[in-house]
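>
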Amino acid sequence: VAKIKNDKKAKEREKREIESNSRRHLANVRVVQKNLVYVIGLPASLSTEETLRSQDYFGQFGRINKIVVNRRQTGSSSHHPTVGVYVTYATKEEATRAINAVDGSMLEGR
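In the numbering used here, the protein residues as written are 8 to 117.
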């Protein structure tokens with residue numbers, strides 16, 4: 008039984024090492040997505056996908072393919088927690104419109 012377990016662990020280790028080596032050449036590669044917008048400092052109260060997709064917020068700039076909300080506190084104050092949001096638009100032009108509209112803007116005093 009112990010031999011079987013050891014053999015299985017060795018195979019798993021070997022598999023992980025092969026996967027790691029196959030990705031090693033990507034370590035210094037930077038991927039640029041021109042249709043991706045990253046926004047920080049949003050109030051936690053706005054952190055639902057439905058709210059962010061609405062025409063009142065990021066939906067007004069174009070068709071959104073995906074939204075990912077980073078709920079870790081990015082603000083320095085625990086009294087006013089903020090979130091970061093990744094918004095992926097259908098086109099780079101839509102993403103550019105969103106960036107131009109919200110860059111440097113204030114929302115709820117932030």
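Using N, Cα and C, we set each Cβ at its ideal position, and we do this for glycine too.
How is the beta strand (DSSP E) around Thr95 delimited, first residue to last?
89 to 96
> Using CA coordinates, which residue listed in Ile25, Gly66, Val46, Ile74 is at the minimum distance from Asp110?
Val46
> Please state if the CB of Asn13 and the CB of Lys99 are separated by a distance shorter than 7 Å.
no
> For Val109, name the three-state secondary structure that DSSP assigns.
helix
> Please state whether the Cβ-Cβ distance between Thr95 and Asn72 is less than 7 Å.
yes
> In chain order, what residues of the same chain lie with their CB nearer than 6 Å to the CB of Glu101, ignoring the 5 residues before and after it?
Phe68, Gly69
> Can you name the start and end residues of the alpha helix (DSSP H) that Leu59 belongs to?
56 to 60
> Leaving out five residues on either side along the sequence, give the residues of the same chain with a beta carbon under 7 Å from the beta carbon of Gly66.
Arg60
> How far does the beta strand (DSSP E) with Lys73 in it extend, from its first residue to its last?
71 to 77
> Whose CA, out of Arg78, Val44, Ser52, Glu21, lies closest to the CA of Glu115?
Ser52
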